[in-house]
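Read through the structure below, which is laid out as structure tokens, and then see the notes.
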Amino acid sequence: MKKQWWHDKTAYQIYPKSFFDSNGDGIGDLPGILSKLDYLKELGVDILWLSPIYQSPLADQGYDISDYYAIDPRFGTMEDMETLIAEAKKRDMYILMDLVVNHCSDEHEWFQKAIQDPDGEYGNFFYIEDRKEGELPCNWRSYFGGSVWEPLPGHPDKQYMHVFHKKQPDLNWENEQVRQEVYKNINWWLDKGLGGFRIDAIINIKKKLPLRDYPSDRADGLSSLGDMLADATGIGEFLGEMARETFHPHEAFTVGEVFNEKDEEIKDFIGDDGYFSSMFDFCETSFGKSAKGAYASQQHLTPEEYKACIFKTQKRIGDIGMISNIIENHDEPRGVSHYILPEDLCDATKKLLGGVNFMLRGLPFLYQGQEIGMENTTVSSIEEVDDISMRNDYAVALEAGLGEEEALQAVVHFSRDNARTPMQWNDGENAGFTTGKPWLALNPNYKEINVERQLQEPDSVFHFYQKLIALRKNPEYKETVVYGECVPYLEEVENLIAYLRKGEKTLLVLANFQKEPRKVELPGEVKEVLIDNLDGAVIEGKTAELKGYQFVVLAVR
Ligand code: ISL
Ligand code: CA
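Numbering-wise (our numbering), the sequence shown opens with residue 27 and increments by one.
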């Protein structure tokens, strides 16, 4: 693997709408992010991924872009964005934007022109089919529910495709002109000094054509998109072209939202000359999800299930490239509420989970609030829910025969609002997020869980993450933490997650994922305890005595 400038960095995802509101309108914004750059620097992160801030009707919270060259006024101005890039640079930090080009907004000029003249130039920017209402061109189901087909406004005999919401029409990547427009925009942003992009939903850009039905997997007669996407070969031609024309000449850092890649494709995606620098590991986020829908999906992973997922990915990736490791993002439940069983949830397990994930080989991505251990929120009625995906999950649960309360409880764990509640800065009004009315209700636990308090407490979750990040930058251990091989240790021992990192030095990561203490045989003599979530690890010769939920990183000989 060739070394790259970003390998030793730590990344952090910001969900701008919920990060910090500078002007009291209840919506987080760019000046808000700017005012927290020093906080992020103190934590130690280097790369900041901003979820979309482009002009958008916010039908899917900015993942529906109506102008790729403009900042939505709710988030700020182009000048604010330029200032943020410049101020980040002064602190040796890099800004990533979200590249959302599988689809745009139905309010984008291209789609408006397509509506005016579906047979003209812009009609071919989208997938538009001649079909009467009630007759579907094919039976694909959109991710947010219902058919991917929607009547084209003003044309009762035509329909357009949207694999997400109907306000997110899919762009036709088979059209060379579309691709050139996308590349032009990417280069325009990179020329402004952007560090790179996180690339949204990218596996969806290649459709299997000609259109045809796939076997239906629910009572609605529709088929989920998985089979079609697995059939649609040739995405590499688009991605390779995009990389050559944009990312590679700029040495931009890119991280793809890629699902279901085959083993033999890993090299193409993130190998030395891959389409992207990195991609996220979704092995554990997809674990236990049911084809029937969220209501039938598994709500927590046991330590054994979690362990199996992380090692599966580590073995698949090996030295081919650098995977990006997460415990959560803006689409997922809070990691601590998903990978820790409710009876085990406490500061010690939050640190343990964070430590296990962070020390894996790969680029660690933190999500805002993870550094203080933010948890899933509580919801008492569907009316309180903003997330369009959760609203669909709820409808699917009702259709499957669940009662209203039962349906709510069955899907609320997966609501994307869990990760989108405003950042908890202090225990004051609205957790210090806004002086106005927050766009989404806060998690009521902000009185206990907040940044201000954790900055004061030396053994807080915040300070634990700060130590992990500092270890990744420590000149003595950096090479091993960044490049060392990840070798599972005592893999078959239940509720123990342990692995070695073997580089110039050897590190041993031990996580006792149970409340009972245990003894662990060590592979060598311990030179130093580098990280300890409980302080006071007892090492006697070649044995470590771990307390319940203890997590340690040991330098071993
Ligand atoms: O069903 C899925 C994959 O099997 C979904 O996870 C889906 O691909 C994923 O949620 C895509 O997410 C991204 O694109 C969406 C947006 O709503 C999400 O917030 C974003 O992360 C549409 O732009
Ligand atoms: Ca604001």
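Built from N, CA and C at the ideal position, the CB exists for glycine as well.
Backbone CA spacing between Ala-37 and Val-546 [nearest angstrom]: Translated into the one-based positions of the sequence shown, residue 37 becomes position 11. Translated into the one-based positions of the sequence shown, residue 546 becomes position 520. Spanning the two alpha carbons is a distance of roughly 32 Å.
Cβ pair count under 8 Å reaching 3, the region 72 to 82 against the region 117 to 125: Three or more beta-carbon pairs separated by less than 8 Å link the region 72 to 82 to the region 117 to 125, which places the two stretches in contact.
One or two residues paired with Gly-222 in a DSSP bridge: Residue mapping note: residue 222 aligns to position 196 of the sequence shown, counting from 1. According to DSSP, Gly-222 bridges with Leu-122, Phe-279.
Complete beta strand (DSSP E) runs within the region 357 to 424 (minimum length 3 residues, chain order): Contiguous beta strand (DSSP E) elements confined to the region 357 to 424 occur at 389 to 393, taking only those with 3 or more residues.
3 or more residues per run - each beta strand (DSSP E) lying fully within the region 485 to 524: Here the runs fully enclosed are 511 to 514.
DSSP state of Trp-75 mapped onto helix, strand, coil: Here the question's residue 75 lines up with position 49 in the sequence shown. DSSP, reduced to helix, strand and coil, places Trp-75 within a strand of the structure shown.
Whether Gly-70 touches Gln-540 by CB criterion (8 Å): In the sequence shown, the residue the question calls residue 70 occupies position 44. In the sequence shown, the residue the question calls residue 540 occupies position 514. No, the pair does not count as a contact, with Cβ atoms beyond the cut-off.
C-beta atoms of Gln-435 and Val-477 nearer than 8 Å: Taking the sequence shown and counting its residues from 1, the one referred to as residue 435 is at position 409. Taking the sequence shown and counting its residues from 1, the one referred to as residue 477 is at position 451. In this structure, Val-477 does not lie closer than 8 Å to Gln-435 by Cβ.
Bridge partner(s) assigned by DSSP for His-439: Residue 439 sits at position 413 when you count from the first residue of the sequence shown. Beta-bridge pairing links His-439 to no other residue.
Range covered by the beta strand (DSSP E) that runs through Tyr-332: As a first step, residue 332 is located in the sequence shown; it is residue number 306 there, counting from the start. Tyr-332 -> not in any beta strand (DSSP E); alpha helix (DSSP H) instead, spanning 329 to 343.
Reference Arg-244, options Ser-168, Ser-304, Glu-310, Asp-345, closest by Cα: Residue numbering aside, residue 244 sits at position 218 when the sequence shown is read from its first letter. Cα-wise, what sits closest to Arg-244 is Ser-168.
Boundaries (first-last residue) of the beta strand (DSSP E) holding Lys-184: On the sequence shown, position 158 is the one that residue 184 refers to. Run containing Lys-184: 181 to 187, per the beta strand (DSSP E) assignment.
Cβ contact check for the region 188 to 206 and the region 230 to 239: 3 or more pairs under 8 Å: At 8 Å Cβ cutoff, the stretches touch.
Boundaries (first-last residue) of the beta strand (DSSP E) holding Thr-569: The sequence position of residue 569 within the sequence shown is 543, counting from 1. That run of the beta strand (DSSP E) goes 569 to 572.
Those residues, in chain order, that have a beta-carbon closer than 6 Å to some heavy atom of ligand 2: With the cut-off at 6 Å, the residues found are Asp-47, Ser-48, Asn-49, Asp-51, Ile-53, Asp-55.
Paired residues, beta bridge with Thr-532 - DSSP: Position 506 of the sequence shown holds residue 532. Beta-bridge pairing links Thr-532 to Lys-528, Val-582.
Any non-hydrogen atom of ligand 1 closer than 7 Å to Tyr-575 Cβ: Taking the sequence shown and counting its residues from 1, the one referred to as residue 575 is at position 549. Remark: the C-beta of Tyr-575 is outside contact range of ligand 1, defined as less than 7 Å to any heavy atom.
Alpha helix (DSSP H) segment containing Arg-479, residue limits: Your numbering for residue 479 matches position 453 in the sequence shown. Per DSSP, the unbroken alpha helix (DSSP H) holding Arg-479 starts and ends at 477 to 482.
Phe-459 beta carbon less than 8 Å from that of Phe-46: Position 20 of the sequence shown, counted from the start, is the residue given in the question as residue 46. Position 433 of the sequence shown, counted from the start, is the residue given in the question as residue 459. Contact flag set, yes.
Near ligand 1: Asp-257 beta-carbon under 7 Å from a heavy atom: What you label residue 257 is simply residue 231 of the sequence shown in a count that begins at 1. Checking the Cβ of Asp-257 against ligand 1 gives no.
Per-residue DSSP class, three states only, for Tyr-301: Stepping through the sequence shown from its first residue, residue 301 is reached at position 275. In the displayed model, Tyr-301 falls within coil according to three-state DSSP, outside both helix and strand.
Local Cβ density within 10 Å of Asp-143, reported as buried at 16 or more and exposed below that: For the purposes of this step, residue 143 is taken as the residue at position 117 of the sequence shown. Its Cβ having fewer than 16 others within 10 Å, Asp-143 is exposed.
Which residues DSSP lists as bridging Tyr-80, in chain order: On the sequence shown, residue 80 is found 54 positions in, with the first residue counted as 1. Beta bridge pairing from DSSP links Tyr-80 with Ile-97.
Proximity winner among Pro-549, Leu-392, Glu-566, Pro-543, relative to Leu-560 (alpha-carbon distances): Along the sequence shown, read from residue 1 onward, the residue named residue 560 stands at position 534. Relative to the Cα of Leu-560, the nearest Cα in the group Pro-549, Leu-392, Glu-566, Pro-543 belongs to Pro-543.
Pair within 8 Å by beta-carbon distance, Met-385 and Val-579: Stepping through the sequence shown from its first residue, residue 385 is reached at position 359. Stepping through the sequence shown from its first residue, residue 579 is reached at position 553. For Met-385 and Val-579, yes; Cβs fall inside 8 Å.
Proximity test, Tyr-169 beta-carbon vs ligand 3 heavy atom, cut-off 7 Å: Ligands in the displayed structure: ligand 1 and ligand 2; ligand 3 is not one of them.
Straight-line Cα distance separating Asp-357 from Phe-190: Counting from one through the sequence shown, the residue named residue 190 turns up at place 164. Counting from one through the sequence shown, the residue named residue 357 turns up at place 331. Their Cα atoms are separated by approximately 14 Å.
Exposure label - Ala-320; buried when at least 16 CB within 10 Å: Counting from one through the sequence shown, the residue named residue 320 turns up at place 294. Answer is buried; the Cβ neighbour count reaches 16.
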